[in-house]
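*Asks:* Questions regarding the structure given below will be posed in turn.
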Amino acid sequence: MRLKTFDAAKDQALIGEILDRNQLEFTEINQSVAHILSNVRCAKDQAVRKYTQEFDGVLLEDFLVSSDEIDEALNKIDPELKD
Numbered sequence: 205m206r207l208k209t210f211d212a213a214k215d216q217a218l219i220g221e222i223l224d225r226n227q228l229e230f231t232e233i234n235q236s237v238a239h240i241l242s243n244v245r246c247a248k249d250q251a252v253r254k255y256t257q258e259f260d261g262v263l264l265e266d267f268l269v270s271s272d273e274i275d276e277a278l279n280k281i282d283p284e285l286k287d
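In structure tokens:
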């Protein structure tokens, strides 16, 4: 990969454009996250199911985890990590 270099004295406009572009991307991301959080606050489990399916490709039937599932997961953990 080739790195692009800039002369700060000569390329101020270009550097400003790059910085502004990054800020715009963060603004869009923040707006999307705020929208998702608002939906989850209002629609609760229904919104979590929707976003889990959208982002993870999983359709959740139930949020409850059985004791057997917990035990099974605990048994899969490396014993050194449990300490």
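Converting from the sequence shown to our numbering requires adding 204 to each position, the first position being numbered 1. Cβ atoms here follow ideal geometry from the backbone N, Cα and C, with glycine treated the same way. Here the structure is a predicted model, which means the values were calculated and not measured.
(1) For a quick check, are the C-beta atoms of A251 and V244 less than 8 Å apart?
(2) Would you call the CB atoms of L268 and T256 closer than 8 Å?
(3) What number of angstroms, rounded off, separates the C-alpha of I281 from the C-alpha of H239?
(4) Is the beta carbon of L218 less than 8 Å from the beta carbon of F230?
(5) Helix or strand or just coil, what does DSSP make of F230?
(6) Roughly how many angstroms lie between the CA atoms of D266 and R253, to the nearest whole one?
(7) Reducing DSSP to helix, strand and coil, say where G220 ends up.
(8) For N180 and D272, what's the separation of their Cα atoms in angstroms?
*Replies:* Let's see:
(1) Taking the C-beta atoms as reference points, V244 is found nearer than 8 Å to A251.
(2) no
(3) 36 Å
(4) no
(5) helix
(6) 9 Å
(7) Here G220 carries a helix assignment [DSSP, helix/strand/coil].
(8) Beyond the ends of the chain as shown, which are 205 and 287, falls residue 180; an answer cannot be given.
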